[in-house]
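Have a look at the structure below before the remarks.
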Amino acid sequence: METNDHSSKKNIKVGIPRALHFYRYFPFWKKLLEELDVEIVLSPPTNKKIVEEGVTHGFGELCIPVKIYYGHVLKLVREHPDLDYIFVPRYVAEVKEAYFCPKFISLPDIIKILPEVPKLLNFEVNVKEFPIATSAIELGKELGRTQNQSLNAYREAQKYFDEYHKFLRDGAPVNHALRLVERDRPFTLSKKKHKGDIKFLLLGHAYNIFDTFINLDFQKKLQDQGVEVLTIENLPESLFKEPVIINKRLRNYWKHEEEIMQSIRYFLTKGRGEIDGVIFLISFACGPDSLISELIMRDMKVVGLPFLEITMDEHSGEAGLLTRVESFVEMVRRKKKKLTMDSKKKETIKI
Ligand code: SF4
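Counting the sequence shown from 1 gives a position; the numbering used here is that position plus 6.
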């Protein structure tokens, strides 16, 4: 018989680095681990020291998001020597048709070589080989929980994660939603809604878009200039059902890049006219992003939608970034004004 006497269990403490997939899966992980009676310790938001430490330990060619992950792991290790585990999931495939970037596939292997890291708590997502519920059972086993406890925890986590996604699709900004999750608050939309006279789709991996330290609070820079910002997370689920056919020979096999291209395809077809421009934030040394950025740029030229690509690394400077953003916003605003005036003229001629 399963016991509900939690007091007899050892209080297991697990550190979660606030980096990479944190920005995508944290609500699911939090619910799953808490349902398994685990105490969670989160690393703080990225700061200069974390980036510097990560860069020191990450080898040169590594992309900045993984270096930042190193920094977060080391921060947890230093400040919480009592941690039993650090949660480092291995994401291989979440759908049968696509893979995650190789950095995610090898994440636990590259983290365990860092100095003084406690045991890693793995959670492997690879639906090409086994269902996610199996991973939850394995995770529970490592924590000394029964199969039933783990399956219940998994169901609760999935339910909560669905609610979280619905909240995002209703228009909640990801960082606002994550703050609510972290503080165990109900999902309520903030009364302050950023409206603007132009609307941009801000593309990129969640860790590039929502880590406000490394992207120099990019979203706020846009909002301060009167831009309404949409991200992939706010788009309806139905957009992500159909795979994007690049051409007869070329098919994209990366999960995140597929989502980026699916959202772009929508705004080039059915959603044409719903946005005024697209900005793609990519990390220096990111192979998958540089490949699709080329394809997106070509599509944008065909439809004449303004497009700006910004590559970020640990040396990105505030002044240079602001200048690029301001001139792009200005250019888009003028273009929109001209288009509106041209269409008004046409209407007058018709009359
Ligand atoms: S997708 Fe790009 S930025 Fe993300 S982990 Fe892979 S290489 Fe790094």
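The beta carbon of each residue, even a glycine, is placed where N, CA and C say it ideally should be.
Closest Cα partner of residue i within the set the options
i      : options                          : result
Arg185 : Ala159, Asp217 and Gln155        : Asp217
Ala1   : Lys261, Val47, Val235 and Thr317 : The structure shown does not extend to residue 1, since the chain spans only 7 to 357, so no value can be given for it.
His171 : Pro33, Ile220, Ala291 and Ala325 : Pro33
Thr329 : Glu263, Phe224 and Pro294        : Phe224
Tyr259 : Pro71, Phe129 and Glu100         : Glu100
Gly177 : Ile70, Lys197 and Ile22          : Lys197
Arg175 : Gln155, Glu239 and Asn214        : Glu239
Pro108 : Arg161, Lys19, Val72 and Lys350  : Val72
Lys201 : Arg84, Gln231 and Asn181         : Gln231
Lys81  : Tyr31, Ser141, Ile22 and Leu145  : Ile22
Ile117 : Ile92, Ser349 and Glu144         : Ile92
Arg84  : Glu280, Met347 and Lys55         : Lys55
Glu300 : Gly77, Ile270, Tyr31 and Ser322  : Ile270
C-alpha distance - residue i paired with residue j, whole-angstrom precision
i      : j      : result
Arg278 : Ala183 : 28 Å
Lys227 : Lys147 : 46 Å
Pro50  : Tyr29  : 13 Å
Asp282 : Asp203 : 10 Å
Thr9   : Arg151 : In this prediction, Thr9 scores a pLDDT of 37, lower than 50, which makes its location untrustworthy; the coordinate-derived value is nonetheless stated afterwards. Thr9 and Arg151: Cα-Cα distance of roughly 10 Å.
Met7   : Leu149 : In this prediction, Met7 has a pLDDT of 37, which is less than 50 and means its spatial position is unreliable; nothing more can be read from the coordinates.
Leu297 : Ala291 : 11 Å
His27  : Phe167 : 14 Å
Gly326 : Asp319 : 13 Å
Pro95  : Lys343 : 48 Å
Val338 : Pro312 : 7 Å
Glu135 : Val61  : 34 Å
His12  : Ser244 : Bear in mind that the predicted position of His12 carries a pLDDT of just 41, short of 50, making it unreliable; the figure below should be weighed with that in mind. Answer to the nearest angstrom: the Cα atoms are 41 Å apart.
Lys276 : Pro179 : 24 Å
Lys165 : Thr317 : 36 Å
Leu208 : Asp43  : 37 Å
Ile45  : Asp190 : The residue you asked about is not Ile; residue 45 is Glu in the sequence shown. If I take the Cα positions, the gap works out to 14 Å.
Asn154 : Thr140 : 12 Å
Ile18  : Glu248 : 42 Å
Distance between beta carbons of residue j and residue i, contact taken as under 8 Å
i      : j      : result
Lys125 : Asp88  : Not confirmed; about 13 Å, so no contact.
Pro294 : Glu263 : 5 Å
Ala25  : Tyr97  : Not really, about 14 Å apart at Cβ, beyond 8 Å.
Ile288 : Glu315 : 7 Å
Lys36  : Val250 : Going by Cβ atoms, the distance from Lys36 to Val250 rounds to 32 Å, so no, they are not a contact pair.
Phe173 : Ile285 : Going by Cβ atoms, the distance from Phe173 to Ile285 rounds to 24 Å, so no, they are not a contact pair.
Ala163 : Leu38  : 4 Å
Ile143 : Ser156 : 5 Å
Val133 : Lys102 : 6 Å
8 Å Cβ cutoff met for residue i and residue j
i      : j      : result
Val335 : Val233 : yes
Ala159 : Glu324 : no
Leu274 : Asp305 : yes
Val79  : Leu120 : yes
DSSP beta-bridge partners of residue i
i      : result
Phe206 : Val235 and Gly283
Ile316 : Leu287
Phe93  : Leu127
Tyr105 : Trp260
Lys19  : Glu45
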